[in-house]
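Here it is as structure tokens:
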């Protein structure tokens, strides 16, 4: 197959359709299949190529909109190898109606590929805010020198590193199929899971939907790895990890707070009634469950209000309880005002000195009393 990304739509091609088992028994069987097994391991999980291209195009589009609003300017740099990843630039240029700057050597290579979108590339650096450079040029020293040379022209620099291996050596754990963002002042480095080779999900799908007699892996480093690859791609190997269906947009990490979702309003809920801050976590608990909770945590307690049926748990340091009518109108869980009831409990938070979980309402923590 050579380097390729498998898609189930390929099974509808005229030459592959007779060998497909997608809709039943295949009409023909391939004698041998030479398969690109670069990522033929269950750990190699990354989203479909189009999802990665759409993510990069969305970042460029949103940043350009912010630049227009704030009268700023951003430079977008995309790293590639000798060939490959050209479709990323095609999508960026198509969506944002812009040119892509490339060096003369790269431009000669692109000419030989005879792409139908060759017109988006330019040798004039001043005509474009999107640069196509070699991946080796994205070393931090080169990026710093580029920033110093162009700091009077651009306010922000977005460095895209599209690679399936981009997050392998990241210090922070990154979920499969997600991007990682590094920021240093005005420079944003974005590692995007993108590859010209099929992911393990795609290789498995190919082997499951194509009829063949013998599979010959083309990428492996040892006889042991060759044997393991054949085992992973065999029908008997079960694989439950789901394929990533989308890439989350890290709005805050990219400085896109304007596009992030608004926080939920807590006004008119029990959360407001008990006077807690937004970061406070509270929940209600039945009386019996509350007693069991205290015993499990070995916290001394006394039942001062036995007539109460429900207690309020607080994860704060210490809560002082007063049995009195609340100055606020009691509200239901759905925010509707209901009739006032006497002897409502109002919890007040004391200074953060002691750290222990306490239970408010009919139970008050008392270190001197016995369990």
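In the numbering used here, the protein residues as written are 138 to 508.
For glycine and all other residues, C-beta sits at the position ideal for the given N, C-alpha and C.
Between the options, which has its C-alpha nearest residue i's C-alpha?
| i | options | result |
| --- | --- | --- |
| residue 265 | 239, 252, 279 and 278 | 239 |
| residue 154 | 225, 347, 186 and 353 | 347 |
| residue 262 | 214, 233, 299 and 252 | 214 |
| residue 169 | 274, 151, 283 and 352 | 352 |
| residue 323 | 364, 291 and 279 | 291 |
| residue 193 | 165, 208, 223 and 209 | 223 |
If I measure Cβ to Cβ from residue i and keep anything under 6 Å in the same chain, skipping five residues before and after, which residues do I get?
| i | result |
| --- | --- |
| residue 338 | 380 |
| residue 175 | 334 and 356 |
| residue 200 | 211 |
| residue 412 | Note on residue 412: pLDDT 43, under 50, position unreliable in the model; the coordinate value appears next. Answer for residue 412: no residue qualifies. |
| residue 188 | 384 |
| residue 471 | Confidence in residue 471 is poor, its pLDDT being 37 and thus under 50, which makes the residue's placement unreliable; the coordinate value appears in the next sentence. No residues qualify anywhere along the chain. |
| residue 332 | 301 |
Given this structure, state the Cα-to-Cα distance separating residue i from residue j, to the nearest angstrom.
| i | j | result |
| --- | --- | --- |
| residue 246 | residue 258 | 12 Å |
| residue 162 | residue 373 | 18 Å |
| residue 178 | residue 350 | 21 Å |
| residue 311 | residue 249 | 37 Å |
| residue 313 | residue 183 | 6 Å |
| residue 173 | residue 206 | 46 Å |
| residue 159 | residue 299 | 31 Å |
| residue 362 | residue 370 | 12 Å |
| residue 216 | residue 191 | 16 Å |
| residue 203 | residue 157 | 48 Å |
| residue 433 | residue 326 | 48 Å |
| residue 375 | residue 344 | 13 Å |
| residue 230 | residue 382 | 24 Å |
| residue 221 | residue 296 | 17 Å |
| residue 393 | residue 282 | 26 Å |
| residue 225 | residue 321 | 24 Å |
| residue 377 | residue 293 | 41 Å |
| residue 149 | residue 185 | 19 Å |
| residue 167 | residue 244 | 39 Å |
| residue 280 | residue 237 | 18 Å |
| residue 255 | residue 171 | 31 Å |
| residue 368 | residue 285 | 51 Å |
| residue 277 | residue 359 | 34 Å |
| residue 268 | residue 209 | 18 Å |
| residue 165 | residue 271 | 43 Å |
| residue 151 | residue 227 | 27 Å |
So, residue i versus residue j, is the Cβ gap smaller than 8 Å?
| i | j | result |
| --- | --- | --- |
| residue 301 | residue 195 | no |
| residue 342 | residue 145 | yes |
| residue 329 | residue 387 | no |
| residue 141 | residue 340 | no |
| residue 260 | residue 241 | yes |
| residue 516 | residue 252 | Outside the modelled stretch of the chain, which goes from 138 to 508, sits residue 516, for which no answer is possible. |
Pull up the DSSP beta-bridge partners for residue i, would you.
| i | result |
| --- | --- |
| residue 258 | 237 |
| residue 169 | 351 |
| residue 293 | 211 |
| residue 146 | Looking at the DSSP assignment, residue 146 forms no beta bridge with any residue, so it has no partner. |
| residue 298 | 328 |
| residue 320 | 325 |
| residue 268 | 214 and 238 |
| residue 157 | 347 |
So, at 7 Å on beta carbons, what are the nonlocal neighbours of residue i in its own chain, with the 5 sequence-adjacent residues on each side left out?
| i | result |
| --- | --- |
| residue 400 | Only weak support exists for where residue 400 lies, its pLDDT of 46 falling under 50; the value from the coordinates is given anyway. Nothing meets the Cβ criterion. |
| residue 233 | 197, 198 and 201 |
| residue 366 | 174, 177, 354 and 357 |
| residue 219 | 246 |
| residue 364 | none |
| residue 429 | none |
Keeping to the same chain, check which residues put their C-beta closer than 8 Å to that of residue i; ignore five residues upstream and five downstream.
| i | result |
| --- | --- |
| residue 274 | 216 |
| residue 147 | 153 |
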